[in-house]
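Below is one structure, written out as structure tokens, with a few remarks after it.
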Amino acid sequence: MEDVCACSRALLNMLEDVKRAAAKVQRIGGVFIQIAPLMKKIHLKYCSEHPKAVSVIEKHKDALEKFMEEHGANPPGILTLTTGLSRPFRRLEKYPALLQELQRHTQENHIDRGDTQRAVSVYRDIATVCSTVRRQKEMELELMTGNIRGWEGEAIHTLGSIVQMGPVVFLTEDSKKNDRYLVLFPETLVILSISPRMSAFVY
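So the sequence shown is residues 686 to 888, counted in the numbering used here.
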């Protein structure tokens with residue numbers, strides 16, 4: 686969270702500097718392009734860790750709710766915490782639309798027009814990638830902490846951390862398609878399916 690805040694402050698400071706320049710040489714799109722690599726790196730890390738944070742909050746919900754309310758949060762105090770933790774990627778998702786609106790009001794011959802157009806595309810891509818990573822990590826966490834139907838032996842987390850996980854389609858001998866999930870651990874490959882109601886993994 687500290688890195689996200691530092692990145693947001695850096696962006697704000699850069700935009701404040703741009704604001705001091707004459708309108709014809711202001712490069713807002715240029716600033717967004719300049720900070721994009723850092724923005725992507727920090728938000729990717731944040732989005733990959735977010736599901737774990739939500740899981741910890743759920744686990745200690747009552748104590749955290751009490752703590753938040755004792756420190757001034759409106760009831761339910763847990764809501765202040767969860768919405769606050771989702772703010773970074775919600776903000777990230779707004780940037781493409783805001784930049785597109787800026788582009789609409791930027792003259793064709795303005796010095797920043799090209800960078801603004803590129804920034805729309807770059808930030809749309811960053812938001813999409815971060816959202817995909819967050820969903821992937823949510824699924825991995827669900828797999829590691831949930832119940833896998835038909836699983837025998839020790840708990841799946843004893844296999845180590847998930848190296849890679851993704852959907853695949855198997856073709857049977859009679860050409861029927863079967864959707865499966867491959868889950869690669871450091872020394873084991875596990876093949877799972879999803880229950881008909883999409884509510885659980887099945888071994």
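In this text, a Cβ means the ideal position worked out from N, Cα and C, and glycines have one as well. Fair warning: this is a prediction, and the values are worked out from it, not measured in the lab.
- Under the 10 Å beta carbon count, M686 is surrounded by fewer than 16 other beta carbons and is classified as exposed.
- Setting aside the 5 residues that flank it on each side, G762 is surrounded in the same chain by E750, M753, E754, each with a C-beta closer than 6 Å to its C-beta; the list follows chain order.
- Here Y780 is buried. Its C-beta has 16 or more other C-beta atoms within 10 Å.
- Cα atoms of S740 and K704: separation of roughly 41 Å, rounded to the nearest angstrom.
- Check the Cα spacing between V854 and each of A885, L867, I718: the tightest is with L867.
- For V854, the secondary structure class from DSSP, reduced to helix, strand or coil, is strand.
- Excluding five sequence positions before and after K725, the CB atoms of its chain that fall closer than 6 Å to its own CB belong to I811, given in chain order.
- Taking the Cα positions, V814 is about 12 Å away from K822.
- Under DSSP, V887 shares a beta bridge with R834, S878.
- By the neighbour-count definition (other C-beta atoms within 10 Å, threshold 16), A707 is an exposed residue.
- Non-local beta-carbon contacts of G715 in its own chain, meaning distances under 7 Å to residues more than five positions away in sequence, involve D797, D800 in chain order.
- Here R865 carries a strand assignment [DSSP, helix/strand/coil].
- Here L777 is buried, its C-beta having at least 16 other C-beta atoms within 10 Å.
- In this structure, the CA atom of L877 is about 27 Å from the CA atom of K730.
- Shown here for V689: same chain residues with a beta carbon closer than 8 Å to its own, the five before and five after excluded, namely I727, H728, Y731, P773 in chain order.
- With respect to the 8 Å criterion, R834 and S880 are classified as neighbours on the basis of their beta carbons.
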